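Residue numbers (this note's numbering): 7 to 105. Glycine included, C-beta positions come from ideal geometry on N, C-alpha and C. Note that the structure is a prediction, hence the values are computed from the model and not measured.
Here you go:
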């Protein structure tokens with residue numbers, strides 16, 4: 007799956023949140039369906055999020071935060087993207103790859 011293309015589709019037709027704080031809040035509220043993580047997202051943050059919210063699918067990409075921001079159409083680095091509504095994209099078919 008081309009994550010960059012799917013992120014563009016999801017940002018146009020769905021509902022995405024950007025950033026670590028928003029991911030934590032969305033998971034705590036139960037709104038998060040999937041969390042997409044940059045390759046260089048801090049491991050201690052990932053471990054903490056996975057421990058607190060094991061029910062949420064977490065997918066770590068091979069894309070660094072600068073490129074993940076560009077892929078999602080943002081003019082800034084993005085280490086965490088939370089999928090609330092995937093819209094017409096296939097982002098919810100991603101498998102969790104965090105141990």
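Separation of residue 10 and residue 78 (C-alpha to C-alpha, rounded to the nearest whole angstrom) is 7 Å. Annotated three-state conformation of residue 46 is coil, per DSSP. Taking C-alpha positions only, residue 13 is separated from residue 95 by approximately 7 Å. Around the beta carbon of residue 7, a 10 Å sphere encloses fewer than 16 other beta carbons of the protein chains shown; the residue is thus reported as exposed.
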